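*Asks:*
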Amino acid sequence: MTRHLIRSALLALCLLSLPGLAAAQTSNGYIQPFANPATPQGEVMPGVGAPSALLPGQPPLAEPVAPLLTPLALETPPAPVVVELFTSEGCSSCPPAHDYLRELSKRGDLLTLSFHVDYWDYIGWKDRFGDPAFAARQRAYAAARGKTIIYTPQMVVAGAIEVVGSDRKAVEKTLKLADRRHSMYALSLAKDAAGAIHLGLPQAPLSVPASLWLVTYVYEDATAIGGGENRGRNLITTNVVRSLRKVGTWDGRPDDRIISLTDAEIAAKPDACAIIANEAEFGPVVAAAAWDFKDLW
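Residue 597 in the working numbering sits at position 275 of the sequence shown, and the numbers go up by one each step.
#1: Buried or exposed for K591, going by 16 or more other Cβ atoms inside 10 Å?
#2: Once DSSP output is grouped into helix, strand and coil, what is the label at V405?
#3: Runs of 4 residues minimum, wholly inside the stretch 483–550: which ones carry the alpha helix (DSSP H) assignment?
#4: Give every residue of the same chain whose Cβ lies closer than 8 angstroms to the Cβ of V387, excluding the five residues on either side of it in the sequence, and list them in chain order.
#5: Bridge partners for F437 per DSSP, in chain order?
#6: Can you tell me which of G522, A500 and V562 puts its alpha carbon nearest to the alpha carbon of A508?
#7: Give the single residue among D501, Q525 and A500 whose Cα lies nearest to the Cα of S510.
#8: Taking just the CA atoms, how far does T538 sit from Q380?
#9: What are the start and end residues of each continuous alpha helix (DSSP H) run of 4 or more residues lying completely inside the stretch 537–611, in chain order?
#10: Does DSSP classify D614 as helix, strand or coil?
#11: What's the C-alpha gap between A465 and S533?
#12: Assess contact between the stretch 481–496 and the stretch 411–423, defined as three or more Cβ pairs (one per stretch) separated by less than 8 angstroms. Is contact present?
In structure tokens, the structure reads:
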């Protein structure tokens, strides 16, 4: 028990940076990079590589299609504020953030997603939802804002503001700051007679083209943890992302796109999907929408 507590404490206090980043010992015992004295006290990713603008293994981009002629269903919900939690089943600091995200997911004005990263797998428990593509997204968000540190649990709100995911007071303050629904653009969804899903993009005065990301996820998962820092716990996570794929770009002109799932995405049996439009590649979210698959097929 003592060895486990010491090990957990060392991991929690360990702050590792991207290559070339200097660090210094602070008065309270935390290691802190010179470049970012306000580093959050989360668990920081070890051995971070250089950020990549594109995620690995992306299939070809979706092609524009002709306008819909006879849509069977059309939905244009209000654009939600996107909350992305970067987490891991191997992170002892993360369970409180899981509980908090589950509460936030009940709010109709938010789209909450749990991206499980893989960089804590080496400490005794392999997160079956961990994906290097999700860690790459987290790194790219950091790089887009001139940051050199990523950690868990980290929330990225509206693609623009990061905050410790278990710090409820800070998150609530961030959500108020990031409530940009007045400047977000609503997306529409239609299903045609053949069962194809169409994404409707509105007219929008975008300063730069936006990247369109398709996210599939399951609403909830419960996992009995058999090793690592959370050994013996039953972790419940909400809106667990199963896949992330760039499906095109949007220059602000109205358009229709056909969105088809790959065989791998279907095999994961997701409950829902979301489209997130990030300014440029990983800038602020300018549009988003989520849909329940049971309403689509």
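The beta carbon of each residue, even a glycine, is placed where N, CA and C say it ideally should be. No experiment lies behind these values; they were computed from the predicted model shown.
*Replies:* To lay it out plainly:
#1: exposed
#2: strand
#3: 490–499
#4: Confidence at V387 is low in this model, with a pLDDT of 42, below 50, so the placement of that residue should be treated as unreliable; the coordinate-derived value is given next. If we look at V387 and ignore the five residues flanking it on each side, its Cβ neighbours are H520, D578, R579 and I580.
#5: F408
#6: G522
#7: Q525
#8: Unreliable positioning characterises Q380 in this predicted model, as indicated by a pLDDT of 40, which lies under 50. The coordinate reading is nonetheless provided below. So the alpha carbons of these two residues sit roughly 14 angstroms apart.
#9: 585–589
#10: strand
#11: 16 angstroms
#12: yes
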